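See structure below.
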Amino acid sequence: MKELARPHRLAPGARVAVVATSGPVPEERLQAGLDVLRGWDLDPVAGPHVLDRHPGFGYLAGTDADRAADFQNAWCDPAVDAVLCARGGYGAQRMIDLLDWDALRAAGPKLFIGFSDVTALHEAIATRLGLVTLHGPVAAGADFVKNQRAQEHLRATLFAPETVRTLVSGGTALVPGRARGVTLGGCLSLLAAELGTPHARPSARGGLLCLEDVGEPAYRLDRYLTQLLRAGWLDGARGVLLGSWADCAGREELRALFADRLGGLGIPVAENVGFGHCEGALTVPLGVAATLDTEAGTLTLDEPALR
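With full-length UniProt numbering as the guide, the letters of the sequence shown map in order to residues 1 to 307.
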């Protein structure tokens with residue numbers, strides 16, 4: 001797996017477009033998130049449809065075409081330096097094939113941030129545009145609005161990425177060891193759902209796979225992992241980082257499940273790494289070469305995530 005091209009870091013005054021690619025966005029939390037960004041001396045601009053509601057499906061923020069248009073227009077606007085998702089939920093897969101990927105590529109590199117359902121866009125940007133992205137807080141997320149650790153880690157990654165080259169997770173080793181590879185991943189259920197789609201990568205070969213999810217019982221997590229295993233998608237992965245599993249099964253049941261499904265890969269596996277749907281979530285760059293040390297609880301990037 002090759003390293004991806006690194007977008008430029010942000011500077012004071014940079015314009016950040018906030019768009020809704022998936023679920024409906026709470027207006028109060030969006031405004032609070034925009035205030036956080038302004039406090040960082042950024043210039044946040046909300047997409048025209050960021051507060052829309054789909055007329056037929058309440059779990060979507062506006063129509064697929066409008067969500068795609070907001071993303072497309074933000075990315076292709078030369079005045080925009082970064083695109084930040086307003087929230088996750090569900091819906092990115094519905095709009096992703098409406099994007100003009102040739103136009104997005106021609107617009108040049110941009111910084112992209114989000115997590116959860118946004119995993120589908122992380123994968124598409126990696127495969128179609130070849131860019132490093134940031135698996136990090138969303139603008140209207142409760143964690144971003146209220147948690148200083150989540151805010152500060154994202155802020156450091158955006159403005160001074162050399163200061164956060166080592167992510168100290170405080171996690172533990174499910175399978176001890178060290179491994180070097182290129183980071184990829186995100187929400188487990190989305191990675192499984194992406195198999196067979198135009199933007200899915202053929203495998204995680206050569207990668208340090210970052211996995212997390214929310215609200216999934218053990219049997220569903222088992223099913224997603226088993227699907228990836230049966231498809232050969234995990235063949236050749238170098239290591240696995242397990243993030244948060246909020247509102248999933250109990251910790252011991254999850255530990256047994258991950259040991260059962262991932263232990264046979266013969267690669268290091270770190271758990272409780274502190275990214276995803278958890279309080280104070282770390283920002284994890286995707287597409288960068290890094291070294292995982294499960295016993296030290298660290299992920300060390302070869303170079304800063306952004307130029």
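Built from N, CA and C at the ideal position, the CB exists for glycine as well. Please read all numbers here as calculations on a predicted model, not as lab measurements.
**Request:** Helix, strand or coil for residue 244, going by three-state DSSP, please let me know.
**Result:** Residue mapping note: residue 244 aligns to position 244 of the sequence shown, counting from 1. Note: residue 244 maps to strand in three-state DSSP.
**Message:** Quick check: the Cα distance between residue 262 and residue 187, rounded to an integer number of angstroms?
**Reply:** In the sequence shown, counting from the first residue as 1, residue 262 sits at position 262. In the sequence shown, counting from the first residue as 1, residue 187 sits at position 187. Using only the alpha carbons, I get a separation of about 16 angstroms.
**Request:** Mind checking which residues open and close the beta strand (DSSP E) that includes residue 298?
**Result:** Numbered from its first residue, the sequence shown carries residue 298 at position 298. Start and end: 298-301.
**Item:** Test item: CB-CB of residue 104 and residue 76 under 8 angstroms
**Value:** Residue numbering aside, residue 104 sits at position 104 when the sequence shown is read from its first letter. Residue numbering aside, residue 76 sits at position 76 when the sequence shown is read from its first letter. In this structure, residue 104 places its C-beta atom within 8 angstroms of the C-beta atom of residue 76.
**Request:** Give the straight-line distance between the Cα atoms of residue 234 and residue 201, rounded to the nearest whole angstrom.
**Result:** In the sequence shown, counting from the first residue as 1, residue 234 sits at position 234. In the sequence shown, counting from the first residue as 1, residue 201 sits at position 201. Straight-line Cα distance between these residues: approximately 11 angstroms.
**Request:** Write down the C-beta distance between residue 25 and residue 61 rounded to the nearest angstrom, noting that I regard them as a contact closer than 8 angstroms.
**Result:** Indexing the sequence shown from 1 puts residue 25 at position 25. Indexing the sequence shown from 1 puts residue 61 at position 61. Going by Cβ atoms, the distance from residue 25 to residue 61 rounds to 6 angstroms, so yes, they are a contact pair.
**Asked** Using the rule of at least 16 other Cβ atoms within 10 Å of the residue's Cβ for burial, across every protein chain shown, is residue 266 buried or exposed?
**Response** Stepping through the sequence shown from its first residue, residue 266 is reached at position 266. Residue 266 comes out exposed.
**Item:** Beta carbon of residue 42 nearer than 8 angstroms to that of residue 16
**Value:** Taking the first residue of the sequence shown as position 1, residue 42 is located at position 42. Taking the first residue of the sequence shown as position 1, residue 16 is located at position 16. With contacts defined as CB atoms closer than 8 angstroms, residue 42 and residue 16 qualify as a contacting pair.
**Request:** Can you grab the Cα-Cα spacing for the pair residue 285 / residue 175, in whole Å?
**Result:** Reading the sequence shown from its first residue, position 285 is the one you call residue 285. Reading the sequence shown from its first residue, position 175 is the one you call residue 175. If I take the Cα positions, the gap works out to 23 angstroms.
**Asked** residue 166 to residue 32, Cα distance in whole Å?
**Response** To locate residue 166, count along the sequence shown from 1; it is residue 166. To locate residue 32, count along the sequence shown from 1; it is residue 32. C-alpha separation (whole angstroms): 29 angstroms.
**Prompt:** Going by Cα to Cα distance, which pick from 296, 170, 88, 132 is closest to residue 4?
**Reply:** Numbered from its first residue, the sequence shown carries residue 4 at position 4. Checking every option, the nearest Cα to that of residue 4 belongs to 132.
**Request:** Along the beta strand (DSSP E) that carries residue 92, what are the first and last residues, could you check?
**Result:** By one-based count along the sequence shown, residue 92 stands at place 92. First-last for residue 92: 92-95, but that is the alpha helix (DSSP H), not the beta strand (DSSP E).
**Request:** Determine the DSSP secondary structure at residue 43, reduced to helix, strand or coil.
**Result:** Locating residue 43 in the sequence shown gives position 43, where the first residue counts as 1. If DSSP states are grouped into helix, strand and coil, residue 43 belongs with the strands.
**Request:** Give me whichever residues DSSP pairs with residue 112 in a beta bridge.
**Result:** Within the sequence shown, numbered from 1, the residue matching residue 112 stands at position 112. Looking at the DSSP assignment, residue 112 forms a beta bridge with 83.
**Request:** Check whether the Cβ atoms of residue 140 and residue 38 sit closer than 8 angstroms, and answer yes or no.
**Result:** The residue given as residue 140 occupies position 140 in the sequence shown. The residue given as residue 38 occupies position 38 in the sequence shown. Residue 38 sits away from residue 140, with the two beta carbons spaced by 8 angstroms or more.
**Request:** Measure the C-alpha to C-alpha separation of residue 6 and residue 82 and round it to an integer number of angstroms.
**Result:** Against the sequence shown, residue 6 aligns to sequence position 6. Against the sequence shown, residue 82 aligns to sequence position 82. The straight-line gap from Cα to Cα measures roughly 13 angstroms.
**Request:** Go to residue 226, then tell me how far its alpha helix (DSSP H) extends in each direction, as first and last residue.
**Result:** Reading the sequence shown from its first residue, position 226 is the one you call residue 226. It spans 218-230 - the alpha helix (DSSP H) in which residue 226 sits, taken as one unbroken run.
**Prompt:** If we count the other Cβ atoms within 10 Å of its Cβ and call it buried at 16 or more, is residue 93 buried or exposed?
**Reply:** If you number the sequence shown from 1, residue 93 lands on position 93. Result: buried.
**Message:** According to DSSP, simplified to helix, strand and coil, what is residue 168?
**Reply:** Within the sequence shown, the letter at position 168 stands for residue 168. Three-state DSSP puts residue 168 in a strand.
**Message:** If contact is defined by three or more beta carbon pairs under 8 angstroms, each pair taking one atom from either stretch, is the segment 143-152 in contact with the segment 238-252?
**Reply:** No: the two stretches stay apart, fewer than three of their Cβ pairs being nearer than 8 angstroms.
**Item:** Cβ-based neighbour list, residue 163, same chain, cut-off 7 angstroms, excluding 5 preceding and 5 following
**Value:** Taking the sequence shown and counting its residues from 1, one reaches residue 163 at position 163. Closer than 7 angstroms at the Cβ level, and outside the excluded window around residue 163, lie 156.
**Prompt:** Using the C-alpha atoms, what's the distance from residue 34 back to residue 146?
**Reply:** The residue labelled residue 146 in the question sits at position 146 within the sequence shown. The residue labelled residue 34 in the question sits at position 34 within the sequence shown. Taking the straight line from one Cα to the other gives about 13 angstroms.
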